[in-house]
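Student: Below is a structure I'd like to ask you about.
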Amino acid sequence: MSDERALQHALDVEVLRNLGQRYARAADARDYDAVGALFHPDAVIDGLRGSSTLEDYLELSRNTPPAYEKSMHVLGDPLIELEVGADEATLDTYAVVYQIGATREGGGNSTLGVRYLDVVERRDRDWRIRRRRTELRFMT
Amino acid sequence: MSDERALQHALDVEVLRNLGQRYARAADARDYDAVGALFHPDAVIDGLRGSSTLEDYLELSRNTPPAYEKSMHVLGDPLIELEVGADEATLDTYAVVYQIGATREGGGNSTLGVRYLDVVERRDRDWRIRRRRTELRFMT
Amino acid sequence: MSDERALQHALDVEVLRNLGQRYARAADARDYDAVGALFHPDAVIDGLRGSSTLEDYLELSRNTPPAYEKSMHVLGDPLIELEVGADEATLDTYAVVYQIGATREGGGNSTLGVRYLDVVERRDRDWRIRRRRTELRFMT
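Written as structure tokens, this is what we have:
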């Protein structure tokens, strides 16, 4: 058991690092159950359309007709702050979101520069996002 | 020796994470020996041009005149699945491939959104790709 | 204390991985004190404008009117070379730098493909960049 602490820390960091990548794949698949599973039920999301609860965010996402055919969320490495053994961490992630094939007339592809600022919490061994703030850095 | 397991796991994850970055640099340098060294000899590659053995893939790559002057494979963080102590892992990597300076008349630069789905295996302490599936997500 | 070595290595790799992300945020905020804090005082920077000392590099950065309104440095995962327990490492990082809103007439947005080749050194437990070479791979 003597290597538990180091191993646990390494595994924690991996889980945190994977969170963003799992989000990218869930969002690109428009699988909102999978998106929801990355957040705690009481999570708050400050998005580009204002602040909302997880429930409202997922419902809006499910019910809004997509403005483009597909997307690709390409994330940089997250900047992770996690004390060894702590149950809370922050992730600061730069991402480029490619939106391909606009569904509305006159629309084209667009590229968004986005920054995700997440507070992530471990509850019952399960790391999930408790608060996400999304900042739009640029759009072309 | 008591910290071997944790250290080994951390080192394994690093090797896996570096695989994609080594691929990017080898591909951009058009160094197909270096590309080949990232795969097991019996690897199968399901690429944008169909499925092939490593040998065929490398031969085709070597013999096809490049369609552009240079490339840059910018990879996101891989989504890694590796059990502690296992000899097999999967990597799911988003990448943006910039192709610069088309060599054919009328061609321009292009940007490709690519997803690499790799099965990676450790043989004799050596982690290499055993199967790669490449998906094109977008091209502009 | 038996897990110290593994834990230390994992923490070292995290610090190295975070260096680039901290650079990206400092550069995008045009916070040159924060940029400077990532380098040793005697660091040498071989940039796109030639080789310079850290001091000269920071002074030039502070005194040059920005050619665009904002930037976003989106970095891929660094390729890290670090022996367990060593005090020196190399980082090889691919990045895409988005420059948004040209401040000069006739200018537009531009996208740069950049590669950072860093020699990083630990002094008094503090990992910082001792030498950076910046290569421009493409510009559109």
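Here the protein sequences come in this chain order: V, Z and C.
Under this note's numbering, the residue at position 126 of the first sequence is numbered 126, and the numbers go up by one with no gaps.
Under this note's numbering, the residue at position 29 of the second sequence is numbered 1029, and the numbers go up by one with no gaps.
Under this note's numbering, the residue at position 6 of the third sequence is numbered 2006, and the numbers go up by one with no gaps.
Just so you know, even glycine gets a beta-carbon here, dropped at the ideal spot from N, CA and C.
So, helix, strand or coil for Z/VAL1084, using DSSP?
Tutor: Along the second sequence, one-based indexing puts residue 1084 of chain Z at 84. Coil.
Student: Smallest Cα separation from V/ILE129: which of V/ASP56, V/ARG104, V/ALA67, V/TYR23?
Tutor: For the purposes of this step, residue 129 of chain V is identified with residue 129 of the first sequence, where counting begins at 1. Considering only alpha carbons, the answer is V/TYR23.
Student: Taking the C-alpha atoms as reference points, what is the distance between V/HIS40 and V/ARG62?
Tutor: Residue 40 of chain V sits at position 40 when you count from the first residue of the first sequence. Residue 62 of chain V sits at position 62 when you count from the first residue of the first sequence. V/HIS40 and V/ARG62: Cα-Cα distance of roughly 18 Å.
Student: Just to confirm my understanding: we take Z/ARG1017, look at its own chain, exclude 5 residues before and 5 after, and list those with CB closer than 8 Å. What are they?
Tutor: Locating residue 1017 of chain Z in the second sequence gives position 17, where the first residue counts as 1. Excluding positions up to five away in sequence, the list reads ASP1077, PRO1078, ILE1080.
Student: Determine the DSSP secondary structure at Z/GLU1105, reduced to helix, strand or coil.
Tutor: Numbered from its first residue, the second sequence carries residue 1105 of chain Z at position 105. Three-state result, Z/GLU1105: coil.
Student: So what does DSSP say about C/LEU2091, is it helix, strand or coil?
Tutor: Here residue 2091 of chain C is taken as the residue at index 91 of the third sequence, counted from 1. Looking at C/LEU2091 - three-state DSSP - the assignment turns out to be strand.
Student: When DSSP labels each residue in this structure, what does C/ALA2034 get in the three-state scheme?
Tutor: By 1-based counting over the third sequence, the position of residue 2034 of chain C is 34. In this structure, C/ALA2034 counts as helix in the three-state DSSP scheme.
Student: Looking at Z/TYR1098: is its Cβ nearer than 7 Å to the Cβ of Z/MET1072?
Tutor: As a first step, residue 1098 of chain Z is located in the second sequence; it is residue number 98 there, counting from the start. As a first step, residue 1072 of chain Z is located in the second sequence; it is residue number 72 there, counting from the start. Their beta carbons are under 7 Å apart, which means Z/TYR1098 touches Z/MET1072 by this criterion.
Student: Is the region 2028-2038 of chain C touching the region 2109-2116 of chain C in the sense that three or more CB pairs, one from each, lie closer than 8 Å?
Tutor: Contact between the region 2109-2116 of chain C and the region 2028-2038 of chain C is absent, because fewer than three Cβ pairs lie under 8 Å.
Student: Note down, in chain order, each residue of its chain lying with its Cβ closer than 7 Å to the Cβ of Z/MET1001, except the 5 sequence neighbours on either side.
Tutor: Numbered from 1 along the second sequence, position 1 holds the residue referred to as residue 1001 of chain Z. At Z/MET1001 the pLDDT is 41, less than 50, meaning the model places this residue with poor confidence; the figure from the coordinates comes in the next sentence. Around Z/MET1001: no qualifying Cβ.
Student: Using Cβ-Cβ distances below 8 Å, what residues of the region 1059-1091 of chain Z are close to chain C?
Tutor: LYS1070, MET1072, HIS1073, VAL1074, LEU1075, GLY1076, ASP1077, PRO1078
Student: CA-CA distance, V/TYR94 and Z/ASP1056?
Tutor: Residue mapping note: residue 94 of chain V aligns to position 94 of the first sequence, counting from 1. Residue mapping note: residue 1056 of chain Z aligns to position 56 of the second sequence, counting from 1. If I take the Cα positions, the gap works out to 38 Å.
Student: Beta carbon of C/ASP2087, beta carbon of C/ARG2122: below 7 Å?
Tutor: Counting from one through the third sequence, the residue named residue 2087 of chain C turns up at place 87. Counting from one through the third sequence, the residue named residue 2122 of chain C turns up at place 122. Yes, these two residues count as a Cβ contact at 7 Å.
Student: On a Cα-Cα basis, can you pick out the residue from C/ARG2104, C/SER2110, C/TRP2127 that is closest to C/LEU2136?
Tutor: Counted from its first residue, the third sequence places residue 2136 of chain C at position 136. Residue C/SER2110 is the option with its Cα nearest to C/LEU2136.
Student: V/ILE45 versus chain Z: which residues are under 8 Å apart at the beta carbon?
Tutor: As a first step, residue 45 of chain V must be located in the first sequence, where it is residue number 45. Under the 8 Å cutoff, chain Z gives no residues; its nearest Cβ is about 22 Å from V/ILE45.
Student: Secondary structure at C/ARG2125, three-state DSSP: helix, strand or coil?
Tutor: Against the third sequence, residue 2125 of chain C aligns to sequence position 125. Three-state DSSP puts C/ARG2125 in coil, outside helix and strand.
Student: Give the single residue among V/GLU59, V/GLU14, V/VAL15, V/THR64 whose Cα lies nearest to the Cα of V/GLY36.
Tutor: Within the first sequence, the letter at position 36 stands for residue 36 of chain V. Per the Cα distances, V/GLU59.
Student: Step through the CB atoms of chain V and report whether any lies within less than 7 Å of the CB of C/MET2001.
Tutor: In the third sequence, counting from the first residue as 1, residue 2001 of chain C sits at position 1. Low per-residue confidence applies at C/MET2001: pLDDT is 41, beneath 50, and the placement is therefore not dependable, though the value from the model is reported in the following sentence. Judged by the 7 Å Cβ criterion, C/MET2001 is not in contact with chain V.
Student: Just to confirm my understanding: we take Z/ARG1133, look at its own chain, exclude 5 residues before and 5 after, and list those with CB closer than 6 Å. What are they?
Tutor: Sequence index remark: in the second sequence, residue 1133 of chain Z carries index 133 (1-based). ASP1046, LEU1117.
Student: What is the DSSP secondary structure of V/ASP12, reduced to helix, strand or coil?
Tutor: Mapped onto the first sequence, residue 12 of chain V falls at position 12. DSSP places V/ASP12 in helix when its eight states are reduced to three.
Student: Considering Cα atoms alone, identify which of V/ALA43, V/ALA102, V/VAL119 is closest to V/PRO65.
Tutor: Taking the first sequence and counting its residues from 1, one reaches residue 65 of chain V at position 65. For the residues V/ALA43, V/ALA102, V/VAL119, the minimum Cα distance to V/PRO65 belongs to V/ALA102.
Student: Note down, one range per segment and in chain order, each alpha helix (DSSP H) of at least 4 residues found wholly within the region 1029-1077 of chain Z.
Tutor: 1032-1036, 1054-1063
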